[in-house]
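Visitor: First to last, the sequence lines map onto chains A and B.
So in full-length UniProt numbering, spot 49 of the first sequence is number 49, and the numbers just go up one at a time.
So in full-length UniProt numbering, spot 170 of the second sequence is number 170, and the numbers just go up one at a time.
Positions of the beta carbon are idealized from the N, C-alpha and C atoms, including for glycine.
All values reported here derive from a predicted model rather than from experimental measurement.
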Amino acid sequence: MSVNKVMSNKWMIAFYVLPALILVGILIFIPLGLSAYYGLMDWNGIGEMEFIGMENYINAVQDMKFWDSAFHSFLLAFFSTLSLIVYLAISMILASKIKGADLLRKIYLIPMLLSSVAIAQLWIKVFNPSNGILNKMLMGLGVENPPAWLANPDIVLYAIFIPILWQYAGFYILIYYAALKNIPESLIEAAKIDGATPLQIAYRIKLPLIAGVVKVTIVLAIVGSLKYFDLIYVMTGGGPNGASEVMASYMYKLAFSTNDFGYGSAIGFLLLVITLIVTVIVRKLTADKEELQY
Amino acid sequence: MNRLGYIFLYLCLGLVAVFQILPIVWLFLFSLKGNREIFAGSPFALPQEWKWENYLTVWQGGIGTYFFNSIWITVVAIILTSLLASMATFAITRMQWKLSSLVLGLFMVGLMIPIHSAIIPLFNMFLNVNLIDNPWSIVITYTAYNLPITMMILLGFYYTLPREIEEAAIIDGCSIHRLFFRIILPMTTPVLSTIVIINMIYNWNEFVFVNTFISSDQYKTLTVGIQNFIGQYMTDWGAIGATLIISLLPILLAFIFFSNKVVEGISSSAVKG
């Protein structure tokens with residue numbers, strides 16, 4: 001029997017691909033469509049749905065709480081992108097013939113393996129005003145009245161960003177390190193012979209060579225931040241008084257705390273649209289940068 | 001570079017390592033102490049009396065059930081995801097059909113979806129088919145949402161398998177099923193171990209789905225269970241510490257024994273946001 005005939009048997013193809021395709025279709029794609037549809041309804045999750053057209057979406061655009069949460073999400077995205085510079089610097093050091101680099105990058109990675117819930121609970125303790133390790137250390141250094149990190153609306157978002165840094169540092173360092181190790185040693189040697197300083201090598205040779213990877217991580221950092229949920233939900237529930245509310249936690253609260261499923265779905269759909277638009281914009285912007293560099 | 005420069009660089013790297021590890025060390029230490037010692041003593045002092053009974057108390061207090069649920073849900077979802085992803089990747093990369101690249105595209109779009117945009121409709125769908133507060137809703141959701149990333153990791157491996165293997169097998173009269181299950185699947189063991197590790201980390205740590213779909217204590221997994229549990233033990237830091245350490249232990253052990261696989265898995269999953 002010919003190989004091509006066996007390998008293009010329709011029944012066999014269906015047998016192998018359909019289980020996965022049906023599961024993804026039902027549990028990922030249908031809900032996305034439904035999310036847009038529910039967004040057109042006035043619905044408490046249990047009773048009858050009532051069609052109200054674009055009202056939920058119009059309300060969302062005028063909802064200051066939604067825009068506040070979106071602002072917080074974008075602020076986190078901005079911080080996350082800035083932090084990439086630090087990770088990049090650490091990776092450059094790590095990849096420059098450091099003994100124990102492999103062990104170090106594994107140690108850096110440990111927080112990334114833990115659940116966001118455990119990380120949140122641990123950092124609630126770290127930030128505890130009187131008994132947390134952070135304030136104990138600050139008081140040991142002579143700081144009087146260190147802040148109540150998670151209870152102060154002015155600093156809560158910055159405080160939350162510390163465990164986010166802690167969680168993802170190892171991940172980005174791992175990616176940059178692998179990319180830097182892929183640069184041929186001969187290129188670096190040639191630059192050294194030409195008299196380039198280590199900083200010049202880092203900025204003029206290594207950075208352009210891993211530009212592709214850096215672009216991917218910028219998209220990851222921004223899109224990841226826009227979707228951020230677990231850690232904030234557990235640490236502060238969006239509080240105090242909405243000061244750390246992000247888009248996903250606002251949506252979740254609307255649906256599962258206030259039972260406004262229609263409005264929650266509309267916000268959920270906007271979250272999807274915003275994420276996709278930002279992904280496209282960031283890809284475009286970073287593509288332009290690359291053209292300038294070469 | 002001069003010696004002073006190197007010392008400075010090592011110092012920087014060392015400080016980062018300390019920052020990454022210190023909170024976990026502190027957690028472990030206070031999981032073995034009583035409140036009096038935690039509040040009055042120095043944070044990094046070894047416990048004066050090692051209170052291992054903190055662990056026994058929380059285990060008997062209900063963490064055991066959550067732990068067991070986490071294990072079976074994680075394992076079943078890993079098996080389903082690995083099997084279905086391997087089958088679909090096999091059909092897409094090795095079999096000949098017109099729509100294969102379109103279907104692959106569909107799976108890859110699944111990588112970009114924020115789960116929060118789907119969670120309200122999912123909740124309603126499960127409610128309609130009586131799967132709310134049923135652990136199988138969690139198993140199939142984990143399987144579906146991990147399929148795209150798992151296939152992503154498998155693809156590269158499947159594309160590099162030589163054609164001759166299939167040709168030889170089929171000319172010898174081997175059926176497709178035999179070819180896949182007896183020849184191809186065993187050949188993918190190295191990449192299968194990577195996807196098992198990465199799926200284990202995702203499933204073990206997942207929170208939102210369980211928090212939304214499961215309400216009975218008897219079905220909760222560790223991530224959601226420890227939330228309730230910590231609520232009860234609000235003031236007993238030792239018990240909270242012990243609970244968290246128990247929840248971290250399986251992943252940390254996997255990391256100690258298979259660190260290279262974990263590193264490989266995490267870097268190959270970098271496309272997932």
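Take A/Tyr294 and list the residues in its own chain whose beta-carbon comes closer than 7 angstroms to its own, dropping the five residues that flank it on each side.
Guide: Along the first sequence, one-based indexing puts residue 294 of chain A at 294. The pLDDT assigned to A/Tyr294 is 33, lower than 50, so where the model puts this residue is not dependable, and the model offers no usable value.
Visitor: Is the beta carbon of B/Thr188 sitting closer than 9 angstroms to the one on B/Ser268?
Guide: Reading the second sequence from its first residue, position 188 is the one you call residue 188 of chain B. Reading the second sequence from its first residue, position 268 is the one you call residue 268 of chain B. For B/Thr188 and B/Ser268, no; Cβs fall outside 9 angstroms.
Visitor: Which residues in the same chain as B/Gly64 place their Cβ atom closer than 7 angstroms to its Cβ, once the five residues preceding and following it in sequence are excluded?
Guide: On the second sequence, residue 64 of chain B is found 64 positions in, with the first residue counted as 1. Excluding sequence neighbours, B/Gly64 sits near nothing in its chain.
Visitor: Please classify B/Gln218 as buried or exposed, where buried requires at least 16 other C-beta atoms within 10 Å of its C-beta.
Guide: Your numbering for residue 218 of chain B matches position 218 in the second sequence. With fewer than 16 other Cβ atoms within 10 Å, it is exposed.
Visitor: Relative to chain B, which residues along the region 141-167 of chain A have a C-beta separation below 8 angstroms, given in chain order?
Guide: From the region 141-167 of chain A, only Trp166 have a Cβ closer than 8 angstroms to chain B.
Visitor: Which residues in chain A have a C-beta closer than 7 angstroms to the C-beta of B/Ser267? List them in chain order.
Guide: Locating residue 267 of chain B in the second sequence gives position 267, counting from the first residue. The answer, in chain order, is Leu174, Ile175 and Ala178.
Visitor: Nearest to B/Leu84 by CA position, among A/Asn182, A/Phe229 and A/Leu18, is which residue?
Guide: Your numbering for residue 84 of chain B matches position 84 in the second sequence. Minimum Cα distance to B/Leu84 is reached at A/Leu18.
Visitor: Pick out whichever of B/Pro23, B/Tyr145 and B/Gln227 has its Cα sitting closest to the Cα of B/Val109.
Guide: As a first step, residue 109 of chain B must be located in the second sequence, where it is residue number 109. When each option's Cα is compared against that of B/Val109, the closest is B/Tyr145.
Visitor: Give me the Cα-Cα distance between A/Ile188 and A/Lys206, rounded to the nearest whole angstrom.
Guide: Translated into positions along the first sequence, residue 188 of chain A becomes position 188. Translated into positions along the first sequence, residue 206 of chain A becomes position 206. A/Ile188 and A/Lys206: Cα-Cα distance of roughly 8 angstroms.
Visitor: Considering only residues of the same chain and omitting the five flanking positions on each side of A/Phe171, which have a CB-CB separation below 8 angstroms?
Guide: Within the first sequence, residue 171 of chain A is the residue found at index 171, counting from 1. Answer for A/Phe171: Leu109 and Met112, listed in chain order.
Visitor: At least one CB of chain B closer than 9 angstroms to the CB of A/Pro240: is that the case?
Guide: Taking the first sequence and counting its residues from 1, one reaches residue 240 of chain A at position 240. No - not a single Cβ of chain B is within 9 angstroms of the one on A/Pro240.
Visitor: Counting only C-beta atoms, is A/Gly170 closer than 9 angstroms to chain B at any point?
Guide: For the purposes of this step, residue 170 of chain A is taken as residue 170 along the first sequence, with counting starting at 1. Output row for A/Gly170: interface = yes.
Visitor: If I'm right that A/Leu271 touches A/Ala248 with Cβ under 8 angstroms, what's the distance once you round it to whole angstroms?
Guide: Locating residue 271 of chain A in the first sequence gives position 271, where the first residue counts as 1. Locating residue 248 of chain A in the first sequence gives position 248, where the first residue counts as 1. That belief holds up - the Cβ atoms of A/Leu271 and A/Ala248 are roughly 6 angstroms apart, short of 8 angstroms.
Visitor: For A/Tyr57, which option in A/Glu48, A/Asn44 and A/Gly39 has the closest C-alpha, if you only look at C-alpha atoms?
Guide: For the purposes of this step, residue 57 of chain A is taken as residue 57 along the first sequence, with counting starting at 1. When only C-alpha atoms are compared, the closest one is A/Gly39.
Visitor: Between A/Arg105 and A/Ile173, how many whole angstroms is the CB-CB distance? I'm expecting something under 8 angstroms.
Guide: In the first sequence, residue 105 of chain A corresponds to position 105, counting from 1. In the first sequence, residue 173 of chain A corresponds to position 173, counting from 1. About 6 angstroms; that satisfies the 8 angstroms criterion.
Visitor: DSSP three-state label for A/Asp68, please.
Guide: Within the first sequence, the letter at position 68 stands for residue 68 of chain A. In the structure shown, A/Asp68 sits in a helix (DSSP, three-state: H, G or I).
Visitor: Verify the CB distance criterion: does B/Arg182 have a CB-CB separation below 9 angstroms to chain A?
Guide: In the second sequence, residue 182 of chain B corresponds to position 182, counting from 1. Chain A contact via Cβ: absent.
Visitor: Going along chain A in order, which residues have a C-beta closer than 7 angstroms to the C-beta of B/Thr143?
Guide: Along the second sequence, one-based indexing puts residue 143 of chain B at 143. The contacting residues are Leu23.
Visitor: Look at the alpha carbon of B/Leu185 and the alpha carbon of B/Gly156, and state the distance between them as a whole number of angstroms.
Guide: Residue 185 of chain B sits at position 185 when you count from the first residue of the second sequence. Residue 156 of chain B sits at position 156 when you count from the first residue of the second sequence. Taking the straight line from one Cα to the other gives about 14 angstroms.
Visitor: Is the beta carbon of A/Ala169 less than 9 angstroms from the beta carbon of B/Val16?
Guide: Taking the first residue of the first sequence as 1, we reach residue 169 of chain A at position 169. Taking the first residue of the second sequence as 1, we reach residue 16 of chain B at position 16. Yes, the pair counts as a contact, with Cβ atoms nearer than the cut-off.
Visitor: Less than 9 angstroms between the C-beta atoms of A/Ile222 and A/Ala179, yes or no?
Guide: Residue 222 of chain A sits at position 222 when you count from the first residue of the first sequence. Residue 179 of chain A sits at position 179 when you count from the first residue of the first sequence. No, they are not a contact pair.
Visitor: To the nearest whole angstrom, what separates the beta carbons of A/Leu165 and B/Thr143, a pair I think is in contact under 8 angstroms?
Guide: Locating residue 165 of chain A in the first sequence gives position 165, where the first residue counts as 1. Locating residue 143 of chain B in the second sequence gives position 143, where the first residue counts as 1. No, A/Leu165 and B/Thr143 are not in contact; Cβ-Cβ is about 32 angstroms, not under 8 angstroms.
Visitor: Please work out which residues of its chain come closer than 7 angstroms, Cβ to Cβ, to A/Lys227, disregarding the five sequence neighbours upstream and downstream, and give them in chain order.
Guide: The sequence position of residue 227 of chain A within the first sequence is 227, counting from 1. Counting only Cβ-Cβ distances below 7 angstroms, and skipping sequence neighbours, we find Ala248 and Thr275.
Visitor: I'd like to know if the region 226-241 of chain B and the region 89-100 of chain A are in contact, where contact means that at least 3 CB-CB pairs between them fall below 8 angstroms.
Guide: Result no; under three Cβ-Cβ pairs closer than 8 angstroms.
Visitor: Just the C-alpha distance for B/Ile113 and A/Glu185, rounded to the nearest angstrom, thanks.
Guide: Indexing the second sequence from 1 puts residue 113 of chain B at position 113. Indexing the first sequence from 1 puts residue 185 of chain A at position 185. Straight-line Cα distance between these residues: approximately 39 angstroms.
Visitor: Can you name the residues of chain B whose CB is closer than 8 angstroms to the CB of A/Phe261?
Guide: Numbered from its first residue, the first sequence carries residue 261 of chain A at position 261. Those within 8 angstroms of A/Phe261 in chain B are Ile120 and Asn124.
Visitor: If you draw a straight line from the C-alpha of A/Leu88 to the C-alpha of A/Val214, how long is it?
Guide: Within the first sequence, residue 88 of chain A is the residue found at index 88, counting from 1. Within the first sequence, residue 214 of chain A is the residue found at index 214, counting from 1. Cα-Cα distance, rounded: 9 angstroms.
Visitor: Identify the contact partners of B/Ile226 in chain A, using a Cβ-Cβ distance below 8 angstroms as the criterion.
Guide: Position 226 of the second sequence holds residue 226 of chain B. Val117, Ala118 and Gln121, listed in chain order.
Visitor: How would you label A/Ala200, buried or exposed, when you count the other beta carbons within 10 angstroms and need 16 or more for buried?
Guide: For this step, residue 200 of chain A is matched to residue 200 along the first sequence. Checking the sequence shown, residue 200 of chain A turns out to be Gln, not Ala. With fewer than 16 Cβ atoms within 10 Å of its Cβ, A/Gln200 is classed as exposed.
Visitor: So, for B/Ser247: in the same chain, excluding its five sequence neighbours on each side, which residues have a beta-carbon less than 6 angstroms away from its beta-carbon?
Guide: Mapped onto the second sequence, residue 247 of chain B falls at position 247. Leu222 and Ile226.
Visitor: According to the neighbour-count rule (16 or more other Cβ atoms, all chains shown, within 10 Å of its Cβ), is B/Asp172 buried or exposed?
Guide: One-based indexing of the second sequence puts residue 172 of chain B at position 172. Burial call: exposed.
Visitor: On the DSSP bridge assignment, give the partners of A/Asp42 in chain order.
Guide: As a position in the first sequence, residue 42 of chain A is number 42, starting the count at 1. Looking at the DSSP assignment, A/Asp42 forms a beta bridge with A/Glu50.
Visitor: Would you say B/Leu248 reaches chain A, if we count a Cβ-Cβ gap shorter than 9 angstroms as a contact?
Guide: For this step, residue 248 of chain B is matched to residue 248 along the second sequence. Yes, B/Leu248 counts as interfacial toward chain A.
Visitor: Among B/Thr57, B/Val75, B/Ile24 and B/Leu27, which has the Cα closest to the Cα of B/Met200?
Guide: For the purposes of this step, residue 200 of chain B is taken as residue 200 along the second sequence, with counting starting at 1. Ranking the options by Cα distance to B/Met200, first place goes to B/Val75.
Visitor: Mind checking B/Tyr159: buried by the 16 CB within 10 Å criterion, or exposed?
Guide: For the purposes of this step, residue 159 of chain B is identified with residue 159 of the second sequence, where counting begins at 1. When all chains shown are included, B/Tyr159 counts as exposed.
Visitor: Taking buried to mean at least 16 other C-beta atoms within 10 Å of its own C-beta, is A/Gly142 buried or exposed?
Guide: Along the first sequence, one-based indexing puts residue 142 of chain A at 142. It is exposed - the Cβ of A/Gly142 has fewer than 16 other Cβ atoms within 10 Å.
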